[in-house]
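Residue numbers (this note's numbering), protein chains in the order written: chain U, 165 to 596; chain V, 165 to 596. Built from N, CA and C at the ideal position, the CB exists for glycine as well.
Now the structure itself:
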């Protein structure tokens with residue numbers, strides 16, 4: 165083991181270095197960050213009080229202009245990278261160190277809420293502004309990034325982790341523009357994407373503040389979530405073939421009912437996923453029966469399978485158990501199942517030192533904390549390919565997200581920004 | 165008990181009266197009835213070798229012209245009643261008796277087969293022609309009827325059982341015409357429908373020859389099916405309400421998954437229906453999940469329930485058992501079910517004396533027989549409101565129906581027509 169590794173071990177083993185008294189008193193301006201969030205919400209505001217601001221829409225363009233203004237007020241050097249991400253930089257005191265990055269996104273799902281990604285983006289800018297106003301310069305260079313098109317597949321952050329392919333660039337998005345056209349529309353340059361790709365180690369670390377989008381923190385009245393990692397997401401299209409027949413004249417014991425098989429499959433997925441301890445989730449979200457008439461035994465069903473967990477081996481194991489159940493269902497119903505993999509992402513664990521920094525920062529601020537996984541995907545999962553990551557959650561009321569009813573309290577938003585600030589300071593003190 | 169009732173009891177208790185030797189040798193011309201079926205199949209013939217001849221289409225009109233020609237060749241006095249049914253009459257030797265009616269339909273489902281209804285219609289005309297050629301006059305008047313629009317809801321036969329309502333006449337059919345327009349198109353008079361309604365007792369009896377549309381006779385290699393009755397058909401639309409939520413961030417034990425509830429419901433329907441001895445059928449044919457995205461826990465499901473049996477009380481009992489299961493499913497999944505009745509028809513049992521006549525006729529012709537219910541609806545279920553009914557089934561290859569692949573052998577078709585002939589003769593000898 166060399167000296168650097170030894171130092172790392174020390175850092176991991178003992179509480180983080182206590183910050184100078186002045187820095188430990190630093191606080192963001194809660195009223196300001198909430199004000200910014202309210203102003204941001206005007207771009208793409210819906211009658212239901214939510215946000216419809218899909219990537220590459222006019223509302224997205226306007227919101228980005230507003231955001232760049234805030235970044236400049238936070239004394240960041242602002243630019244748009246070739247992938248279309250908004251990047252605000254501030255030099256550190258130690259030029260030999262790699263940048264620390266904080267940020268999130270501001271694009272929304274169609275008919276979405278005003279907090280998803282937006283809290284983290286406004287919170288990150290507020291942290292930078294607080295540091296600048298108090299003349300606190302970090303050792304590491306600071307990058308505040310608002311990634312483009314997170315909702316359409318973490319596109320802007322993926323562009324940092326790997327070169328976007330022709331297939332990626334040809335995807336047609338909710339704005340009706342392709343990714344390529346969208347990047348151009350927002351001021352990027354799809355022909356220069358190689359210039360934004362970062363190699364492992366090009367960043368020292370990344371921390372993202374975000375709403376939980378689930379209900380655990382709210383239910384348990386916990387202030388801050390310390391994210392263990394972002395689950396791997398796995399999705400299959402499933403088709404089931406039986407034999408369509410007259411519902412009146414086909415005896416029950418002569419049927420090859422694809423919908424009965426589907427019913428047994430859906431129940432089996434739920435049973436398998438809940439039979440193993442842990443926080444994995446399994447979902448069947450879609451289904452269609454054919455021919456789909458009340459008087460015809462369904463001969464075909466199209467459905468789906470979604471499995472998510474922090475542990476990729478567990479997902480593999482659950483899938484195998486489901487397959488074993490499916491073999492039995494095929495035999496008992498006379499049907500045939502086919503599974504087609506659609507998407508698969510590896511879990512992205514957060515860094516243990518970053519988790520400790522978040523937890524300590526929160527507790528020192530007087531907040532309660534809880535360790536939990538992120539069941540939703542985030543830009544952090546892409547940046548995890550480049551450097552250690554951390555994620556901070558604040559409560560989502562009733563766990564509602566991707567809806568105009570999405571809501572977090574101004575107090576929780578302020579709390580989250582303060583935790584982000586102090587986490588950043590602690591991480592900045594580490595030798596990464 | 166009066167003398168007539170006593171005679172009826174006698175008739176029911178002892179084998180049917182043996183027919184004069186000459187009559188027992190009567191046979192239809194098998195080649196002719198199959199030839200007629202082939203010629204009929206030209207009207208609305210599809211490339212797949214099936215029949216697309218929906219009621220009130222041009223193909224229907226042409227097929228009816230052809231059919232009336234055959235009826236005239238069979239020495240029947242042909243007319244179109246106000247409801248649009250083709251009626252071929254032949255007087256009987258005893259004017260005090262009410263008519264015996266035989267027949268079926270010739271309209272098809274969209275993209276259907278060439279045997280459903282068509283075998284019974286051509287068979288009935290062949291029976292009439294055989295009687296005429298052999299100078300056999302029945303005691304009862306004979307009516308050979310080809311009912312209009314059986315596939316669209318046994319419309320032509322219903323018009324005999326009850327006055328069609330404004331609502332009935334406004335239904336838009338597969339031909340795009342309303343029932344009213346359709347009746348006019350085929351030569352009926354929708355303003356004179358009262359004239360076709362028959363009171364109970366206006367007919368002495370009705371016998372219908374038909375393909376089984378199920379696979380039992382074919383599988384068990386039985387020649388003739390003696391129908392016990394036409395099952396009551398009951399159909400409900402079912403909606404299930406849960407709560408839509410993020411599939412990634414909502415823990416398994418916090419879901420109100422409407423599709424999981426639907427799965428348990430579908431499995432329960434199958435279990436309840438197969439747990440009671442008998443030949444009842446229960447089917448869930450349709451399903452749709454909302455929002456129906458792979459990453460959202462379904463908050464709502466629209467599905468269905470169909471129950472059929474010869475015993476209306478059994479259907480009621482099965483429905484109650486399913487409701488009891490549903491209450492448990494609601495509790496365990498946190499969802500709410502709603503059942504909306506869409507259609508309901510009472511079972512139509514056949515007459516015991518007619519069943520015996522069919523069975524004896526078949527056995528005397530050297531055929532094997534089997535007692536079985538009709539799981540599909542037929543014109544006979546409407547005429548059952550007016551007089552005793554009987555139904556004769558011939559095998560359907562592989563139980564396939566409502567498909568270009570529908571098929572019965574020429575030999576089975578000939579057998580069916582011969583059974584219809586001799587059943588009619590036996591019934592004609594009864595005092596009904």
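Using C-beta distances below 6 Å, list every residue in its chain close to residue i, excluding the 5 sequence neighbours before and after it, in chain order.
i, result
"residue 533 of chain U", "388, 390, 523, 526"
"residue 561 of chain V", "382, 571"
"residue 535 of chain V", "390, 392"
"residue 508 of chain V", "398"
"residue 359 of chain U", "246"
"residue 256 of chain U", "302, 303, 304, 305"
"residue 403 of chain U", "466, 502"
"residue 586 of chain U", "525"
"residue 362 of chain V", "324, 550"
"residue 521 of chain U", "180, 587, 590, 591"
"residue 576 of chain U", "558, 559"
Determine the burial state of residue i: buried for a count of at least 16 other Cβ atoms within 10 Å of its Cβ, exposed for fewer.
i, result
"residue 584 of chain V", "buried"
"residue 355 of chain U", "exposed"
"residue 435 of chain V", "exposed"
"residue 243 of chain U", "exposed"
"residue 330 of chain U", "exposed"
"residue 364 of chain U", "exposed"
"residue 676 of chain V", "Look at the range of chain V in this structure, 165 to 596, and you will see that residue 676 of chain V is not part of it."
"residue 339 of chain U", "buried"
"residue 293 of chain V", "buried"
"residue 178 of chain U", "Note on residue 178 of chain U: pLDDT 48, under 50, position unreliable in the model; the coordinate value appears next. Per the 10 Å Cβ criterion, exposed."
Cβ closer than 8 Å: which chain U residues qualify as neighbours of residue i?
i, result
"residue 376 of chain V", "413"
"residue 386 of chain V", "Those within 8 Å of residue 386 of chain V in chain U number zero; the least Cβ separation is about 15 Å."
"residue 565 of chain V", "410, 413"
Give the interface partners of residue i over in chain V, defined as CB-CB distance under 8 Å, in chain order.
i, result
"residue 395 of chain U", "412"
"residue 321 of chain U", "Residues of chain V passing the Cβ test: none, with the nearest at roughly 17 Å."
"residue 272 of chain U", "Neighbours of residue 272 of chain U on chain V: none; closest Cβ ~14 Å, over 8 Å."
"residue 431 of chain U", "424, 427, 428, 431"
Between residue i and residue j, which are expected to be in contact by the criterion C-beta below 8 Å, what is the C-beta distance as a whole number of angstroms?
i, j, result
"residue 203 of chain V", "residue 230 of chain V", "7 Å"
"residue 344 of chain U", "residue 333 of chain U", "4 Å"
"residue 470 of chain V", "residue 458 of chain U", "5 Å"
"residue 313 of chain V", "residue 342 of chain V", "Residue 313 of chain V to residue 342 of chain V, Cβ: 11 Å. No contact."
"residue 444 of chain V", "residue 472 of chain V", "7 Å"
"residue 263 of chain V", "residue 297 of chain V", "That belief does not hold up - the Cβ atoms of residue 263 of chain V and residue 297 of chain V are roughly 21 Å apart, past 8 Å."
"residue 410 of chain U", "residue 272 of chain V", "Contact doesn't hold; Cβ gap of about 14 Å is too wide."
"residue 497 of chain V", "residue 406 of chain V", "7 Å"
"residue 476 of chain U", "residue 396 of chain U", "5 Å"
"residue 424 of chain V", "residue 580 of chain V", "Contact doesn't hold; Cβ gap of about 48 Å is too wide."
"residue 493 of chain U", "residue 432 of chain U", "7 Å"
If the cut is a Cβ gap below 7 Å, which residues of chain V does residue i touch?
i, result
"residue 434 of chain U", "424"
Below 7 Å on C-beta distance, what does residue i contact in chain U?
i, result
"residue 458 of chain V", "399, 449, 450, 468, 470"
"residue 416 of chain V", "437, 438, 445"
Against residue i, what residues of chain U qualify as contacts under a CB-to-CB distance less than 9 Å, listed in chain order?
i, result
"residue 462 of chain V", "447, 448, 449, 450, 451"
Leaving aside the five residues before and after residue i along the sequence, list all residues of the same chain whose C-beta is less than 7 Å from its C-beta, in chain order.
i, result
"residue 394 of chain U", "511, 512, 538, 541, 542, 544, 545"
"residue 485 of chain V", "436"
"residue 282 of chain V", "201, 204, 270"
"residue 291 of chain U", "192, 266, 581, 584, 585, 588"
Short of 8 Å in beta carbon distance, which residues of its chain neighbour residue i, apart from the five on each side in sequence? Order them along the chain.
i, result
"residue 578 of chain U", "192, 194, 197, 198"
"residue 567 of chain V", "214, 275, 276, 277"
"residue 258 of chain V", "303, 304"
"residue 237 of chain U", "293"
"residue 460 of chain V", "408, 409, 410, 411"
For this session: Please list the residues of the stretch 530-542 of chain V that have a C-beta atom closer than 7 Å to any C-beta atom in chain U, keeping them in chain order.
Result: 539, 540
Problem set entry | Cβ-based contacts, 9 Å cut-off: residues of the stretch 207-235 of chain V near chain U | none
Problem set entry | Interface positions of the stretch 357-381 of chain V facing chain U (Cβ-Cβ less than 9 Å), listed along the chain | 376, 377, 378, 379, 380
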